[in-house]
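For reference, the structure is listed below as structure tokens.
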Amino acid sequence: MQTSADKTNQPLLDIANLKVDFHTPTGIVQAVRGLSFTLGRERLGIVGESGSGKSMTGRAILDLIPHPGVVGADRMMFRGQDLMAMDKRERRKLRGRHISMVMQDPKFSLNPVQTVGSQIAEAYRIHRKAGAREARERSLTMLESVQIREPARVYDLYPHEVSGGMGQRVMIAMMLIAEPEILIADEPTSALDVTVQLQILKILDDLVSERGMGLIFISHDLHLVQSFCDRVIVMYGGKVMETLPAAELADETTRGRRHPYTLGLLNCLPDLDHPREKLPTLNRDPAWLA
Amino acid sequence: MTAVTQAPPCRASAPGRLGRWGRALSRELTTVVITTFGLLLVTFFIARVVPIDPVLAVVGDRAPADVYEKARLALGLDKPLWHQFAIYVGKVFTGDLGTSVLTSQKVVDDIRTVFPATLELATLGTLIGVVIGVPLGILAAVNQGRWQDQIARVVGLIGYSVPVFWIGLMALLLFYAKLGWVAGPGRISVVWQDIVTTRTGVIMLDAALDGEWEAFWDAFSHLILPAAVLGLLSVAYVSRMTRSFMIGELQQQYVIAARVKGVSEAAVIWRHALRNAAVPLFTVIALSYMHLLEGSVLTETIFAWPGLGRYLTNALLNADMNAVLGGTLVVGVVFIGVNLLTDIIGRLADPRVR
């Protein structure tokens, strides 16, 4: 996935030993414990069970860890800039403009009292000194590029008036209008009908490759990650179990090299060609988190 | 080219929205008519049910039987109940609420003088409640658990639990007697009494219309203290509700999405979260306003404020049924009116129920 834009060979994102701790009255909860990875102009999948820290990783990159969470890292660099050294204001300026995120359910992640168009235009106007008219024009173009047929009509609709699939396109338009380099997609299709999931992924994929962006695709769907991503990080309990090329997830011949947790996840997948009476239970080894 | 193809759906949607508006409005109006009818029915039957003989109230205890009978006929009490009700409704709609025994004036005229006094008190009180309560509630919600939240909590607690008659007296003692910052009890100083022509009955408004600015400020300095006392209660209520609505909204996914876009924290709070919290907040504010519009007997008594609350209480204590029922009717109609207004504002604020 190397493109001409990436001349310096510098990774978009370089993270070493990322930790997210929540200081609760009953003790410290470690959501992410020592995650390291680099992201180039590629599609990186992060998979894991619920509570494995995948979403918190995305939030930590955006500086959107809710109170009382604390983020720590040995290194967190965005294109050579040290994210850890930036203040809140500088981090905010990066959001939307350079690093953005598509969230799970458009039913809840769009503001119910604003038209979808004005929400897209807002994302543009925050980062570009643009008038209302220019922002509208850009938003309409953006709606078109997420394959909405009547942008001018959809622009004036409220979130409750659009379907889930259309809502997620609006979300993508809103999050990509300022042309960020990195997009974090946090389970972007989990709340959608199976029939529209692939459409949305196609749109996402086209835009990401067209613009040479880096994509972090957070999911618990192994099939999806395997077919959609270049590289996959498998997380468990806030730690990386292993990192592997996505193609190898399906490759039976490399199974010997796989981490037992990854194998456990793969074994839990029902297979249409070889139906089994009983799916095995995942056996988690406490030693993995040591 | 695109403009041509897009035009039809736009034009088609405009009458659609208008039509929905029309239907909603007619639904609201039907509700208003039905509730008003119910209100009239209730006030009418209260008058029948209470153990006060309306004839005796007119003729006195010692009237001979023939005088009593004559008065009964004159009042139409021999007619069937539905007929009496029809007469009652007819009278109400022509602005005849009967005569007050206590003031021996028409109840309508009495209410015309006392209601504006309560109106200005309630309006300024609510205004204070909103202007201070909403930001205080937002501050508390944004800084949940920190000192700002604690301060808001204490203000709320004081507003809720300190009795109005005590805080009213203390306020008079401090700001009127000791500091002399404001005027004392009453609506306006004797000097200005009857100088301003009564147009609306709201003295400040009348003074402004007359261009009597000194009278205007005199009325304001009489009004501000009782309004602040009522406002404190309103601040307590509004700030608590604002806090809880805002906490609810700030946890929503769309707030995170706005932050992801790079929206500043101030805009997240004021433009995104508050805009959503405003929908239920309108109802809360309207409820608190309606509560104050009933007239607040204690505050009006302490500040010698000739408002609806005092008028109604006096009427009630003296079994002045015409005044009581007339006042009840007016309060009821105001309730219905404010309710209608709140519904309309709610519809405007929330596209989901439009």
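Residue numbers (my numbering), protein chains in the order written: chain A, 1 to 290; chain W, 291 to 644. Don't be surprised by glycine CBs; every beta carbon is placed ideally from N, CA and C. Predicted, not measured: the structure shown is a model, and the values here were computed from it.
Specify, as a first and last residue, the run of the alpha helix (DSSP H) that residue i falls within.
i, result
"Val569/W", "Leu564 to Leu583"
"Asp21/A", "Asp21/A -> not in any alpha helix (DSSP H); beta strand (DSSP E) instead, spanning Leu13 to Thr24."
"Arg436/W", "Unbroken run through Arg436/W: none, as it is neither H nor E."
"Ser479/W", "Premise fails: Ser479/W is in no alpha helix (DSSP H) and is neither H nor E."
"Leu215/A", "Careful: Leu215/A lies outside any alpha helix (DSSP H), inside the beta strand (DSSP E) at Gly214 to Ser219."
"Leu598/W", "Leu598 to Leu607"
"Val357/W", "Ala355 to Ala364"
"Ala509/W", "Trp503 to Leu540"
"Glu252/A", "Per DSSP, Glu252/A belongs to no alpha helix (DSSP H) and is neither H nor E."
"Met175/A", "Gly164 to Leu176"
"Ile546/W", "Gln543 to Lys551"
"Phe375/W", "Leu371 to Phe383"
"Val349/W", "Pro344 to Val349"
"Ser118/A", "Val116 to His127"
"Asn612/W", "Met611 to Ala639"
Since residue i is in the beta strand (DSSP E), which residue starts that stretch and which ends it?
i, result
"Thr109/A", "In the sequence as displayed, the identity of residue 109/A is Ser instead of Thr. It is not in any beta strand (DSSP E) - Ser109/A instead sits in the alpha helix (DSSP H) that spans Pro106 to Ser109."
"Met101/A", "Ile99 to Val102"
"Arg75/A", "Arg75 to Phe78"
"Ile46/A", "Arg43 to Val47"
So residue i packs on residue j, CB below 8 angstroms; how close in whole Å?
i, j, result
"Met76/A", "Ile126/A", "So it is not a contact: roughly 23 angstroms between Cβ atoms."
"Ile46/A", "Ile218/A", "5 angstroms"
"Ser578/W", "Thr416/W", "6 angstroms"
"Leu515/W", "Leu462/W", "7 angstroms"
"Leu62/A", "Gly214/A", "That belief does not hold up - the Cβ atoms of Leu62/A and Gly214/A are roughly 14 angstroms apart, past 8 angstroms."
"Ile559/W", "Val432/W", "6 angstroms"
"Gly48/A", "Ala31/A", "Wrong, their Cβ atoms sit about 12 angstroms apart, outside the cutoff."
Would you call the CB atoms of residue i and residue j closer than 8 angstroms?
i, j, result
"Leu598/W", "Gly616/W", "no"
"Pro180/A", "Ser55/A", "no"
"Gly458/W", "Val528/W", "no"
"Leu13/A", "Ile182/A", "yes"
"Arg231/A", "Pro245/A", "yes"
"Tyr450/W", "Ala526/W", "yes"
"Leu571/W", "Thr618/W", "no"
"Leu44/A", "Ile233/A", "yes"
"Leu564/W", "Met536/W", "yes"
"Thr490/W", "Asp484/W", "no"
"Lys107/A", "Ala173/A", "no"
"Leu411/W", "Val397/W", "no"
"Arg644/W", "Arg95/A", "no"
"Glu318/W", "Asp640/W", "no"
"Gly167/A", "Val196/A", "no"
What residues match up with residue i in a beta bridge as DSSP calls it?
i, result
"Phe465/W", "BP columns for Phe465/W are empty, so no partner."
"Lys239/A", "Tyr236/A"
"Ile28/A", "His23/A"
"Lys202/A", "Per DSSP, none; premise fails for Lys202/A."
"Thr189/A", "Its beta-bridge partners do not exist; DSSP assigns none."
"Phe37/A", "Ile15/A"
"Val70/A", "Asp21/A"
"Gln81/A", "Phe78/A"
"Thr389/W", "Lys396/W"
"Leu183/A", "Ser100/A and Leu215/A"
"Leu244/A", "Val232/A"
"Arg95/A", "Ile99/A"
Could you check which residue in the options has the C-alpha nearest to that of residue i?
i, options, result
"Leu222/A", "Lys239/A, His160/A, Asp271/A and Asp206/A", "Asp271/A"
"Lys239/A", "Gln199/A, Lys19/A and His23/A", "Lys19/A"
"Pro112/A", "Gln104/A, Leu192/A, Gly48/A and Val162/A", "Val162/A"
"Glu42/A", "Val29/A, Arg97/A, Gln10/A and Lys93/A", "Gln10/A"
"Arg153/A", "Ala123/A, Arg128/A, Gln168/A and Gly117/A", "Gly117/A"
"Tyr155/A", "Thr38/A, Arg136/A, Glu90/A and Val146/A", "Arg136/A"
"Ala445/W", "Ile485/W, Ser511/W, Ala430/W and Trp456/W", "Sequence inspection shows Val at residue 445/W; the Ala mentioned does not correspond to that position. Of the listed residues, the one whose Cα sits closest to Val445/W is Ala430/W."
"Val348/W", "Ile448/W, Asp356/W, Val339/W and Arg362/W", "Arg362/W"
"Ile401/W", "Val628/W, Ala605/W, Leu631/W and Ile634/W", "Ala605/W"
"Leu409/W", "Ala563/W, Arg637/W, Leu582/W and Leu564/W", "Leu582/W"
"Ile486/W", "Leu367/W, Pro596/W, Glu502/W and Val357/W", "This sequence places Val at residue 486/W; Ile is not what is there. Ranking the options by Cα distance to Val486/W, first place goes to Glu502/W."
"Asp625/W", "Phe593/W, His512/W and Thr326/W", "Reading off the sequence, residue 625/W comes out as Phe, not Asp. When each option's Cα is compared against that of Phe625/W, the closest is Thr326/W."
"Lys93/A", "Phe78/A, Lys107/A and Val102/A", "Phe78/A"
"Leu143/A", "Gln119/A, Ala130/A and Lys129/A", "Gln119/A"
"Glu210/A", "Leu224/A, Leu176/A and Gln199/A", "Leu176/A"
"Leu392/W", "Lys551/W, Val623/W, Asn629/W and Met611/W", "Met611/W"
"Glu539/W", "Ser394/W, Leu602/W, Gly427/W and Arg477/W", "Gly427/W"
"Asp508/W", "Gln543/W, Ile478/W and Gly521/W", "Ile478/W"
"Thr336/A", "Arg169/A, Asp251/A, Pro68/A and Asn283/A", "Absent from the structure is residue 336/A, since the part of chain A shown begins at 1 and ends at 290."
Under 8 angstroms between beta-carbons, which chain D residues line up against residue i? List them in chain order, please.
i, result
"Tyr158/A", "Chain labels in this structure do not include chain D; the protein chains are A and W."
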